[in-house]
Structure formats: C-alpha cells, structure tokens
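Visitor: First, the structure itself, so that you have it in front of you.
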DNA sequence: ATGCGAATTAGACACAGTCCAACTCGCTGG
DNA sequence: CCAGCGAGTTGGACTGTGTCTAATTCGCAT
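Chains as they are written, first to last, in the numbering used here: chain A, 103 to 242; chain B, 103 to 242.
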C-alpha cells in the first residue's frame with residue numbers, strides 16, 4: 103500500500119496502526135494535518151476540516167488533536183504564548199520561529215549535535231528535547 | 103554598591119540602569135522576581151506582590167512584566183501551554199521541564215555545545231536559542 | 001430492526017492575558 | 001504650599017484558547 107499519498111483510506115490505516123479508531127472526523131483531521139506540510143493551530147485545523155466536512159465541532163478537533171498527540175501521531179510545538187501548534191512531522195527535528203511573523207519552520211536534526219547536557223537524576227525519563235531558534239526577520 | 107542584596111534601593115538602581123522609571127509597583131514586582139530564585143507566572147507574581155503591597159492590579163503586573171522583558175531585565179519562558187513563565191536569570195542557560203509536575207529548572211549553558219545549526223538567510227537576526235529538555239519524573 | 005458503547009456535538013465555562021477610559025501619583029514651576 | 005502635568009496605575013470589560021458536560025448520534029453487532 104502506498105502511504106506516500108494521503109488518501110483517506112491510507113490515513114485510516116495509519117490511525118489503526120496507532121491504535122486509533124478511524125472515524126470520519128478523525129480521518130478528516132488527519133488529512134488536514136498531513137496534506138499541508140505545515141504547523142497548524144487547532145483553529146486552523148478546524149477551519150481546514152470545515153471546508154470539506156462542515157459541522158465538525160471545535161470539541162472534536164481538540165479531542166482528536168490531543169488524542170493524536172497522546173498516540174504519537176503528531177507533536178505539540180509550544181513556541182507561541184497564544185496557541186499551541188501541531189506538527190505532523192514526528193522525525194527528530196527542531197524549530198525556527200520568527201517572532202515577528204509568527205512563522206514556524208522545521209530544522210532537520212541530522213547534522214545537529216548537542217553535547218555537555220547534564221546527567222538526569224534517577225527515575226527521571228527524557229520525553230524529548232526541543233530546540234527553538236528564535237529569530238527576527240528584517241521588518242517592513 | 104552591593105547589588106547582591108535585593109534591597110528596594112538596589113532594585114531601583116537596576117531599573118534605572120535598564121531605562122525603567124522605578125515606581126513603587128515596579129520595584130515590588132522586581133523584588134518578587136529576584137528575591138525568589140524561581141520561574142514565576144504572572145499570577146504568582148501578582149500573589150507575591152499583593153502580600154506586601156496589596157491592591158497592585160493585575161494590569162500593572164502584566165504591563166510591568168512585559169516592560170521588563172522588553173528592556174531585557176527578565177526573560178519569558180514558553181514551555182507550558184497554559185501560561186508564560188518569567189525568568190530573572192538572563193545569563194545564557196537552558197531549561198529542564200518536568201511535564202508531570204510542571205516544575206521548571208535551569209540548566210547552565212556553559213559546557214553545552216550545539217553544533218551543526220544551519221546558516222540563517224540574510225536579514226534574519228537570531229534573538230536567542232531555547233533548549234528545553236522535557237522529562238517525566240517517576241509518577242505516584 | 002434493536003441495542004450498545006464509543007464518538008460527537010453545542011454550548012457553557014475557565015482562565016490567561018489585553019484593552020480602555022478614568023483616576024492617582026509624584027514631580028516641577030510659580 | 002499649591003496647581004498642573006504627564007506618566008503610571010486601576011478596575012472592569014473584553015478576547016481568544018482550550019476544557020467540560022450532558023445530551024445526542026453514529027456505526028456496528030446481534
């Protein structure tokens with residue numbers, strides 16, 4: 103099966119593989135996340151989904167995005183004090199955030215090496231490391 | 103002048119040096135930030151200030167914290183989707199965030215080296231780099 | 001067709017943070 | 001000592017994101 107095309111059938115299969123019951127709404131939300139290769143806020147996902155499948159509720163979008171995060175289908179990116187962004191790219195990578203425009207871009211993690219991090223206390227498990235390069239582009 | 107003691111006189115001087123007119127409220131807010139060596143949310147600052155100087159308004163606390171950030175007296179730490187933390191430590195350092203407890207700890211930046219970061223496009227200026235090590239401590 | 005549990009829904013709610021117009025404070029000149 | 005001025009502060013209304021809840025609907029198995 104060709105999973106490089108984000109057809110709804112393929113997405114249903116992806117959801118199943120992550121232990122998620124693939125409902126219409128969930129498939130539409132997954133489609134919104136994967137078809138654009140961008141970081142979307144919950145509101146943007148809601149708008150995108152409602153273009154095709156009107157009357158999907160805000161509650162469902164929030165529920166579903168949280169479910170996807172929990173099941174490791176997507177990642178939260180916490181970079182903007184006003185809203186959470188969701189990132190369909192789960193490969194190791196970091197972020198470039200333009201504080202002027204709010205634009206968020208991926209930085210591939212291969213090639214980046216971080217050394218000298220402290221040893222963690224016993225019983226503490228790393229969930230992940232975020233690196234955010236905050237930049238400001240030339241203004242208008 | 104001994105600035106290792108965060109007396110109100112010393113704090114007034116620090117504010118002046120950063121180009122901030124030192125009012126009563128601003129000094130109290132600076133005191134709240136510096137006397138505890140912790141990361142505080144706006145609400146925690148408000149509570150702390152009101153212990154000593156009751157009737158300092160929420161608006162003033164937000165105005166002042168934003169002013170302090172703008173004047174580089176403190177830093178914003180965006181790590182928790184629910185609220186912004188403010189960090190009185192402006193020396194280079196990174197953060198350890200316990201997603202279970204919400205506890206935020208400093209990691210000294212000396213000793214940490216990051217290599218392989220991409221070159222930035224022309225006209226783009228680095229504002230800073232955040233490194234957040236997300237961990238989960240052993241649960242109850 | 002019927003019944004069931006899971007998912008979805010609308011709307012109320014919670015909460016951080018901002019905005020605004022009125023007020024007050026601390027200073028400076030008379 | 002008072003008046004006047006501008007900066008700073010204030011309470012309260014407002015905004016936007018995200019959560020909660022109780023009722024409904026959906027898809028599926030019998």
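Even for Gly, the Cβ is constructed at its ideal location relative to N, Cα and C.
(1) In this structure, does DSSP put residue 195 of chain B in helix, strand or coil?
(2) What residues in the segment 178-193 of chain B bring their beta carbon closer than 8 Å to a beta carbon of chain A?
(3) Go through its chain and collect everything with a Cβ distance to residue 225 of chain A's Cβ below 7 Å, but skip five positions before and after it.
(4) Tell me, which residues are paired with residue 231 of chain B by DSSP?
(5) Using 8 Å as the threshold, is the segment 153-165 of chain A in touch with the segment 205-225 of chain A, meaning 3 or more CB pairs across them?
(6) Among A:214, A:239 and A:166, which has the Cα closest to the Cα of residue 200 of chain A?
(7) Who pairs with residue 206 of chain A in a beta bridge, going by DSSP?
(8) Specify the secondary structure class of residue 174 of chain A as computed by DSSP and reduced to three states.
(9) Residues bridged to residue 142 of chain A by DSSP?
(10) Measuring alpha carbon to alpha carbon, tell me which of B:203, B:217, B:168 and B:232 ends up nearest residue 194 of chain B.
(11) Looking only at its chain, what residues have a beta carbon closer than 6 Å to the beta carbon of residue 185 of chain A, apart from the 5 residues adjacent to it on each side?
(12) Please work out which residues of its chain come closer than 6 Å, Cβ to Cβ, to residue 234 of chain A, disregarding the five sequence neighbours upstream and downstream, and give them in chain order.
(13) Under 7 Å between beta-carbons, which chain A residues line up against residue 240 of chain B? List them in chain order, please.
(14) Mind checking residue 183 of chain A: buried by the 16 CB within 10 Å criterion, or exposed?
(15) For residue 147 of chain B, collect the residues of the same chain with a Cβ closer than 8 Å to its Cβ; drop the 5 residues on either side in sequence, then sort them by chain order.
(16) Over the uninterrupted beta strand (DSSP E) stretch that includes residue 215 of chain A, give me the two end residues.
(17) Is there a Cβ from chain A that is less than 8 Å from the Cβ of residue 201 of chain B?
(18) Which residue marks the beginning of the alpha helix (DSSP H) containing residue 129 of chain A, and which one marks its end?
(19) Is the distance from the Cβ of residue 237 of chain A to the Cβ of residue 228 of chain B below 8 Å?
(20) For the alpha helix (DSSP H) containing residue 118 of chain B, list its first residue and its last residue.
(21) Mark residue 113 of chain B as exposed unless 16 or more other C-beta atoms lie within 10 angstroms of its C-beta, in which case mark it buried.
(22) Considering only the alpha carbon of each residue, which of A:115, A:126, A:137 and A:202 lies closest to residue 191 of chain A?
(23) List, in chain order, every chain B residue whose beta-carbon is nearer than 8 Å to that of residue 231 of chain A.
(24) What residue from A:179, A:220 and A:222 has the CA that sits closest to residue 140 of chain A's CA?
Guide: A quick look at the data gives this:
(1) One-based indexing of the second chain puts residue 195 of chain B at position 93. DSSP, reduced to helix, strand and coil, places residue 195 of chain B within a strand of the structure shown.
(2) Cβ proximity to chain A below 8 Å picks out 178, 180, 181, 182, 183 and 186 from the segment 178-193 of chain B.
(3) In the first chain, the residue the question calls residue 225 of chain A occupies position 123. Result list for residue 225 of chain A: empty, nothing under 7 Å.
(4) For the purposes of this step, residue 231 of chain B is identified with residue 129 of the second chain, where counting begins at 1. Answer is A:235.
(5) No: fewer than three Cβ pairs fall under 8 Å.
(6) Mapped onto the first chain, residue 200 of chain A falls at position 98. Residue A:239 is the option with its Cα nearest to residue 200 of chain A.
(7) For the purposes of this step, residue 206 of chain A is identified with residue 104 of the first chain, where counting begins at 1. Partner(s): A:199.
(8) Residue mapping note: residue 174 of chain A aligns to position 72 of the first chain, counting from 1. Coil at residue 174 of chain A, not helix or strand.
(9) Translated into the one-based positions of the first chain, residue 142 of chain A becomes position 40. DSSP, once it has assigned bridges, lists A:188 as partnering residue 142 of chain A.
(10) Taking the second chain and counting its residues from 1, one reaches residue 194 of chain B at position 92. Selected option, being the one with the closest Cα: B:232.
(11) As a working note, residue 185 of chain A is residue 83 in the first chain. Counting only Cβ-Cβ distances below 6 Å, and skipping sequence neighbours, we find 143.
(12) On the first chain, position 132 is the one that residue 234 of chain A refers to. 181, 197 and 199, listed in sequence order.
(13) Within the second chain, the letter at position 138 stands for residue 240 of chain B. By Cβ distance, chain A contributes 225.
(14) Here residue 183 of chain A refers to the residue found at position 81 when the first chain is read from its first residue. Residue 183 of chain A comes out exposed.
(15) One-based indexing of the second chain puts residue 147 of chain B at position 45. Excluding sequence neighbours, residue 147 of chain B sits near 131, 134, 135, 163, 167 and 188.
(16) To locate residue 215 of chain A, count along the first chain from 1; it is residue 113. Boundaries of the beta strand (DSSP E) harbouring residue 215 of chain A: 215-217, taken from the DSSP string.
(17) Along the second chain, one-based indexing puts residue 201 of chain B at 99. Under the 8 Å criterion on CB atoms, residue 201 of chain B is classed as interfacial with respect to chain A.
(18) Position 27 of the first chain holds residue 129 of chain A. Run containing residue 129 of chain A: 126-137, per the alpha helix (DSSP H) assignment.
(19) The sequence position of residue 237 of chain A within the first chain is 135, counting from 1. The sequence position of residue 228 of chain B within the second chain is 126, counting from 1. In this structure, residue 228 of chain B lies closer than 8 Å to residue 237 of chain A by Cβ.
(20) The residue you call residue 118 of chain B lines up with position 16 of the second chain. Segment 110-119, the alpha helix (DSSP H) holding residue 118 of chain B.
(21) For the purposes of this step, residue 113 of chain B is identified with residue 11 of the second chain, where counting begins at 1. Answer is buried; the Cβ neighbour count reaches 16.
(22) The residue labelled residue 191 of chain A in the question sits at position 89 within the first chain. Ranking A:115, A:126, A:137 and A:202 by Cα distance to residue 191 of chain A puts A:137 first.
(23) For the purposes of this step, residue 231 of chain A is identified with residue 129 of the first chain, where counting begins at 1. Result: 233, 234, 235 and 236.
(24) The residue given as residue 140 of chain A occupies position 38 in the first chain. The shortest Cα separation from residue 140 of chain A among A:179, A:220 and A:222 belongs to A:179.
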